[in-house]
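Below is one structure, written out as structure tokens; comments come after it.
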Amino acid sequence: MKVAVGAMSHETNTFAAGTTDIDAFATAVGDGVLETDHVGRSIGGIVEALDDAGVEVYPTAGASALPGPAVEPETYQWLREELLDRLAGESVDGVCLDLHGSMFVADEPDPEGDLLAAVRDAVGPDTPMTAALDMHATVTERMVESLDGVAGYRTAPHTDVAETGVRAATLLLDALNGDASLTLGWEPLPMLLAGEQSETEAEPMRTLVESLENADERDGVYDANYFLGFPWADSPHAGCHALVTGDAGARSVVEGTAAELADAFWDRRAEFGFTTEAYDPEGALEAAAATDGRPVVVADTGDIPGAGAGENTTNLLSAMLAREDLGRPFVAVVADAESYETCREAGEGTEVNLSLGQEYPGGTPLEVAGVPVRFLDADGARTVLVSLDGADVVVADRRTNAHRDPEFVRRLGVDPTERAVIAVKSGYLSPAWKGVAARRLFALTPGETNQRLADLPYEHVPRPTYPLDEDAEWSPRTARRE
Ligand SMILES: [Zn+2]
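Okay, so the sequence shown: first residue is 1 according to full-length UniProt numbering, each after it adds one.
Right, here's the structure in full:
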């Protein structure tokens, strides 16, 4: 038995400036897909489950990048062709793919749907195909038509990416062994939801995820999922979804379960609020200054590289420099290649003048003087800790998520527990930061990941959509068809 595997992972922020090209992606083809880290996320779990079952794994192609602006058409076409080339003339018994699900290409708002339809064409209608998707996938008609089974992350922050791969591969193996004949039940909801309002340790997501686990126990249901879409994409496919994989012999159970799960989600739509105390920027700094425990970790939620933003705004840093009640704050990260280069040329201990990042909106850089203190290469980026008059700031030569791990701060020679205030370019914090923070705050800063969704200039999102339109309505597709 032979199963083709591949990966395509990008969460596209269509409000972010610029485009994402091939250089931003970690890529691999053929056996390289199995040998290279970072070309996917759930593919490790997929391969492990297939190996354990004694199935021959046939790697095709993989590409994965940090979330960012719209992907260039040539980049997507490269991956599509590499993947399809390896399927052409090849006889495979099944296909299992690792996809994010919310990629957006300049001329194709549904690249996953396009890719899956092309793979379906290549392998024929009777070859089972399943996928592992990110919880923030944007599910489309073409994806549902092409796939037989789907498994999605059930944690945010995402700590179950490998397990999700195992689930997607297990669905496929059950189909290949004749133990199951797969079908999908899908209910899209007209709703936008930010990750910062839907962490799975908080309500209502905690209970909703539990309801997925209960649904899995039903006869005829194999794997029930919610997909939350991605609100910083002006996509005609935007929305939240219930998507259930079940037995083709129990279609009404599968569709009924999807409708029930969607109904439970829709019922609780008004309960989604920020999962962390949230304030406007000044309010967040005020609250931080009034806190005794340390460190207070302030998330700069308008400029999250993990949701595609440029990681270069200085609004929060400026506000921090204007205050004297924050101790010596630590700020990570401002991505600015020129400022990094200036520091590198000067070297440690030499004073530099930097035109740092940009104020958002407007683009005016922040003029600061400082001293490069320590250089550190981390997570594919080159970074430097710069000591300013009033704060320490990490400058990087490119966007990075290195600061999601507090160990990065320690490697820069700073003990995070000794600082009163640490500001990070993050939305909801990683589990590691949650373990370090005495108090967590969201600063609702302006930027490419503005958390106030009603302020975003949507043109293509279908309307009415909740919460942009409070009066948006929903009824199950199954009911509408009858
Ligand atoms: Zn996600």
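Ideal Cβ positions, reconstructed from N, Cα and C, are used throughout, including at glycine.
Counting only unbroken stretches of 3 or more residues, the beta strand (DSSP E) elements lying wholly within the stretch 271-329 are 296-300, in sequence order.
The beta carbon of Tyr428 sits closer than 8 Å to those of Ala156, Pro157, Gly195, Glu196, Glu199, Thr275, Thr276 and Ala299, all from its chain and outside the five residues before and after it, given in chain order. Rounded to whole angstroms, the Cβ separation of Val386 and Val409 is 14 Å, and the two are not in contact under 8 Å. Within a 10 Å sphere around the beta-carbon of Met1 sit fewer than 16 other beta-carbons, which makes this residue exposed. When secondary structure is reduced to three states using DSSP, Glu341 falls in the helix class.
Bounds of the beta strand (DSSP E) holding Glu187 are Leu182 to Leu189. In the pairwise beta carbon analysis, the stretch 52-65 is classified as touching the stretch 2-11: at least three pairs are separated by under 8 Å. Looking from the CA of Gly347, the closest CA among Val373, Arg419, Pro431 and Ala151 belongs to Val373. Taking all protein chains shown into account, Asn401 has 16 or more neighbouring C-beta atoms within 10 Å of its C-beta and is therefore buried.
If you compare the alpha carbons of Asp93, Met8, Val244 and Leu192 with that of Leu212, the shortest gap goes to Val244.
The closest CA to that of Tyr466, considering only Leu66, Leu189 and Glu35, is found on Leu189. In terms of Cβ geometry, Val144 and Leu184 form a close pair [threshold 8 Å]. A check of alpha carbon separations from Leu321 across Arg439, Pro361 and Glu367 identifies Glu367 as the nearest.
According to the DSSP assignment, Ser64 belongs to no alpha helix (DSSP H) but to the beta strand (DSSP E) extending over Glu56 to Ser64. The residue among Pro329, Met135, Leu133 and Leu116 with its C-alpha nearest the C-alpha of Thr127 is Leu116. If you measure from each CB to the nearest heavy atom of ligand 1, the residues under 6 Å come out as Asp134, Met135, His136 and His158. Counting along the chain, Thr245 sits inside the beta strand (DSSP E) bounded by residues Cys240 to Asp247. Note on Asn353: under 16 other CB atoms within 10 angstroms of its CB, so exposed under the neighbour-count rule. Nearest in C-alpha terms to Pro111, of all of Ala262, His10, Asp397 and Ala16, is His10.
Here Val221 has Ala215, Val244, Gly246, Val253, Val254 and Thr257 as same chain residues with Cβ atoms under 7 Å from its own Cβ, once five neighbours each way along the sequence are excluded.
Thr20 counts as buried, since at least 16 other C-beta atoms from the protein chains shown sit within 10 angstroms of its C-beta.
Just so you know, the alpha carbons of Ser426 and Leu176 end up roughly 42 Å apart. Within the DSSP bridge table, the entry for Arg440 names Val297 as partners.
Contact annotation: the stretch 307-321 does not touch the stretch 375-386, with fewer than three C-beta pairs closer than 8 Å. The residues Met135, His136, Leu193, Ser198 and Cys240, in chain order, have a CB closer than 7 Å to that of Leu228 in the same chain once the five nearest residues on each side in sequence are set aside. In the three-state DSSP reduction, Arg463 falls in the coil class, being neither helix nor strand. For Ala16, same chain residues with a beta-carbon under 7 Å away, outside a window of 5 residues either side, are Gly68, Pro69, Gly308, Ala309, Gly310 and Glu448 in chain order. Note that the stretch 277-294 touches the stretch 442-461; at least 3 beta-carbon pairs, one per stretch, sit closer than 8 Å. Counting the other Cβ atoms within 10 Å of the Cβ of Ala438 gives fewer than 16, which makes it exposed. Here Ser146 is buried, its C-beta having at least 16 other C-beta atoms within 10 Å.
When the Cα atoms are used, Asp174 and Ser181 turn out to be separated by approximately 8 Å. For Pro406, the enclosing alpha helix (DSSP H) starts and ends at Pro406 to Arg411.
Secondary structure at Glu196: helix, using DSSP grouped into helix, strand and coil. Listed in chain order, the non-local C-beta contacts of Gly44 below 6 Å within the same chain comprise Ala162, local neighbours out to five positions each way being set aside. Cβ-Cβ distances below 8 Å link Thr140 to Asp110, Glu112, Gly113 and His237 in the same chain, with the five nearest sequence neighbours on each side left out; the list follows chain order.
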